[in-house]
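Read left to right, the sequence shown gives residues 208 to 387 (my numbering). Using N, Cα and C, we set each Cβ at its ideal position, and we do this for glycine too.
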Amino acid sequence: MKIYLDTGIFIDYLTAPASHGLRTAGRGTRSISQVALDAEKLLRMASQKHQAATSCLTYYEVEEALYKSLALSAKGVPHAQKLLVPAARSLMIQAQGVVQTFGIVALNVTPATIALQLQTTILSTEGIRAADALHIATALEYEAELLVTADEQILNLDNMLSVPSGKLRCLDSDGALQLL
Numbered sequence: 208m209k210i211y212l213d214t215g216i217f218i219d220y221l222t223a224p225a226s227h228g229l230r231t232a233g234r235g236t237r238s239i240s241q242v243a244l245d246a247e248k249l250l251r252m253a254s255q256k257h258q259a260a261t262s263c264l265t266y267y268e269v270e271e272a273l274y275k276s277l278a279l280s281a282k283g284v285p286h287a288q289k290l291l292v293p294a295a296r297s298l299m300i301q302a303q304g305v306v307q308t309f310g311i312v313a314l315n316v317t318p319a320t321i322a323l324q325l326q327t328t329i330l331s332t333e334g335i336r337a338a339d340a341l342h343i344a345t346a347l348e349y350e351a352e353l354l355v356t357a358d359e360q361i362l363n364l365d366n367m368l369s370v371p372s373g374k375l376r377c378l379d380s381d382g383a384l385q386l387l
């Protein structure tokens, strides 16, 4: 099965060993640690039995998420940006390690990806913002059968988008583990 991994799954996985504050609560009935364990199981399963990919946009998003989190606690600190960027960049390096460790393909965002995003009108009518829409378009371009995400708006698109094998499933890590 071709699996597309949204940024949230990387953040879930990387939350377990670090306390960078990107996940402050679990999802549904799952604790933060259970969400992280599910992400790890999913990454392991995807690398062993399936084809997994993400967008290069994921690298930007993990760094930006940590930067924003750190910046909240550094308001008023002189030269904070010079201190925060290297700290936030470390999460991008960790994301690269996850990609390499689990054999995940990092897909480029190309003009064709953007064209597909613009042509997929449901992304506009459902209010899917740019970065999430690019992830979805990248998953469609990759012909993924499963898009794993923590994003509620993307989860709401489950079985609403067509791919050559049928309908694109949009599931959180726990649902994806049950499907696989």
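- Annotation: ALA319 to ALA278 spans about 34 Å, alpha carbon to alpha carbon.
- The Cβ-Cβ distance between CYS377 and LEU387 does not fall below 7 Å.
- Nearest neighbour of LEU264 by Cα position, chosen from ALA351, ALA340, GLU333, GLU247, turns out to be ALA340.
- ASP358 and VAL269 have their C-alpha atoms roughly 14 Å apart.
- At the C-beta level, GLN301 and LEU221 come within 7 Å of one another.
- DSSP places LEU298 inside the alpha helix (DSSP H), whose first and last residues are 287 to 308.
- Comparing alpha carbon positions, the residue from GLY373, LEU291, LEU353, GLY334 closest to ASP213 is LEU353.
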